[in-house]
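The next block holds one structure in the form of structure tokens; read it before the comments.
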Amino acid sequence: MGLGRRNQVFYQMAQEAAPLTLVIAGANGGLGYAFLHLLLGVTAAQRGIQNLPLPAETDTSLLPLLPPIRRIYALHRHPAPDLHTDAQTDPRIIPLQIDLSDDQALKQLHHHIEGPVHGIINATGLLHNTDFTPEKRLQEVQRETLEANFTANAINHILLIEALLPKLNRHGALLLASLSARVGSIEDNQLGGWYAYRASKAALNQLVRTTAIELKRLNPASICVALHPGTTDTSLSKPFQTRLAKDKLFSPEFAAGALLKVIAHLSPHESGRFFAWDGKQIPW
183 MGLGRRNQVF
193 YQMAQEAAPL
203 TLVIAGANGG
213 LGYAFLHLLL
223 GVTAAQRGIQ
233 NLPLPAETDT
243 SLLPLLPPIR
253 RIYALHRHPA
263 PDLHTDAQTD
273 PRIIPLQIDL
283 SDDQALKQLH
293 HHIEGPVHGI
303 INATGLLHNT
313 DFTPEKRLQE
323 VQRETLEANF
333 TANAINHILL
343 IEALLPKLNR
353 HGALLLASLS
363 ARVGSIEDNQ
373 LGGWYAYRAS
383 KAALNQLVRT
393 TAIELKRLNP
403 ASICVALHPG
413 TTDTSLSKPF
423 QTRLAKDKLF
433 SPEFAAGALL
443 KVIAHLSPHE
453 SGRFFAWDGK
463 QIPW
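Residue 183 is where the sequence shown starts when you use the numbering used here, and the numbers rise one by one after that.
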């Protein structure tokens, strides 16, 4: 991955005149919260500040990779008291409660964000809720399930980027990373099932690819990728963990750290691709 250190996204970000502004969507979820703490904890540790202790599983090789951070807008849908408590400890955290499926709220979002935004990590997603679980058979496919999955896993991702387009960095490093899933790969689909989730993640992957093409015209230094975190111990995967080997289930901190290392080694020529937590490219 990459064409040398100078082409990698975090190196380019470190060359910016001022520390970075990032947006994390789903910041109160398992992976989003882990991203937040790793980014701020590692960059604080770089400066000898311990206001946000590093998780025990933190890969210390991240320390020289991450650029300085000015602020992270932590987007959350539901009340998130932990985020607000963290913000009192580290003023770089700016919690913003927003429902990404609310078009009016999205239209106003850029008014609450001070740009330029150098990166968006979208860790939102849906696999199941109290009303449905992933389909095992064609007879279980329902319109409501399809619509819910496509909204959460694809539509909300692209509309967030559109809403923040006026704030995106146009003259330097820019990262847009959406959490996808290996089951969204059409070529990799050998088992079937999970119709709504698979299709919505495949749609997200197409949106990522198309966005990467357009952003490259606006900012040649931009990187837009889909990322697969592996099976992570969060509420999304909880009902499906019983038959999983322990070494195949990642903590949020491990998964977020692995993905940050993948991101750190990306170069603009790799924009529009789909990567797993171990850095391997996944076919569309």
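Ideal Cβ positions, reconstructed from N, Cα and C, are used throughout, including at glycine.
Item to check | CB contact flag (residue 248, residue 256, <8 Å) | outcome: With a cutoff of 8 Å on beta-carbon distance, residue 248 and residue 256 are scored as not near each other.
Checklist entry - Based on Cα-Cα distance, which residue from 451, 450, 413 and 449 lies nearest to residue 435? => result Answer by Cα proximity: 413.
Checklist entry - Quick one, which of 457, 328, 346 and 207 has its alpha-carbon nearest residue 367's? => result For the residues 457, 328, 346 and 207, the minimum Cα distance to residue 367 belongs to 457.
Next on the checklist: Quick test of the definition: if touching needs 3 or more C-beta pairs under 8 Å, does the segment 366-384 touch the segment 316-324?
Outcome noted: Yes: at least three Cβ pairs fall under 8 Å.
Checklist entry - In the DSSP assignment, what are the bridge partners of residue 253? => result BP columns for residue 253 point to 203.
Checklist entry - Taking the C-alpha atoms as reference points, what is the distance between residue 164 and residue 372? => result It is not possible to answer for residue 164, since the shown part of the chain is limited to 183 through 466.
Checklist entry - Mapping DSSP to helix, strand and coil, what is residue 456? => result Residue 456: strand per DSSP, three-state reduction.
Checklist entry - Are residue 445 and residue 347 closer than 8 Å when you measure CB to CB? => result For the 8 Å CB-CB criterion, residue 445 and residue 347 do not form a contact.
Checklist entry - Out of 252, 212, 337 and 386, which has the shortest C-alpha to C-alpha gap to residue 301? => result For residue 301, the closest alpha carbon among the candidates 252, 212, 337 and 386 is that of 252.
Checklist entry - Hey, which unbroken runs of the beta strand (DSSP E) at 3 residues or more fall wholly within the segment 260-315? => result With a minimum length of 3 residues, the continuous beta strand (DSSP E) runs that stay inside the segment 260-315 are 275-279 and 301-304.
Next on the checklist: Please report the straight-line C-alpha distance between residue 267 and residue 213, rounded to a whole angstrom.
Outcome noted: Approximately 18 Å between the Cα atoms of the pair.
Checklist entry - Over what stretch of residues does the beta strand (DSSP E) that includes residue 410 continue unbroken? => result In this chain, the beta strand (DSSP E) harbouring residue 410 covers 404-410.
Next on the checklist: I need the boundaries of the alpha helix (DSSP H) containing residue 342, first residue and last residue.
Outcome noted: Looking at the DSSP string, the run of the alpha helix (DSSP H) that includes residue 342 is 338-346.
Checklist entry - So residue 333 and residue 208 are in contact, right, with Cβ under 8 Å, and what is the actual spacing, rounded? => result Taking C-beta atoms under 8 Å as the contact rule, residue 333 and residue 208 fail to qualify, at a distance of about 14 Å.
Item to check | Proximity of residue 407 and residue 449 at Cβ, strictly below 8 Å | outcome: No.
Checklist entry - Straight-line CA distance for residue 218 to residue 254? => result Between residue 218 and residue 254, the alpha-carbon positions lie close to 8 Å from each other.
Item to check | Through-space distance from residue 354 to residue 298, alpha-carbon basis | outcome: Rounded to the nearest angstrom, the two C-alpha atoms are 10 Å apart.
Checklist entry - Between residue 295 and residue 386, what straight-line distance do the alpha-carbon atoms span, to the nearest angstrom? => result In a straight line, the C-alpha of residue 295 is about 24 Å away from that of residue 386.
Checklist entry - Which value, in whole angstroms, describes the spacing of the CA atoms of residue 287 and residue 399? => result Residue 287 and residue 399: Cα-Cα distance of roughly 28 Å.
Checklist entry - According to DSSP, is residue 228 helix, strand or coil? => result The predicted model places residue 228 with a pLDDT of 49, which falls under 50 and marks its position as unreliable; any figure quoted below should be read in that light. Secondary structure at residue 228: helix, using DSSP grouped into helix, strand and coil.
Next on the checklist: Please identify the residue among 382, 344, 325 and 370 whose C-alpha is closest to the C-alpha of residue 361.
Outcome noted: Checked all of 382, 344, 325 and 370; the closest Cα to residue 361 is 382.
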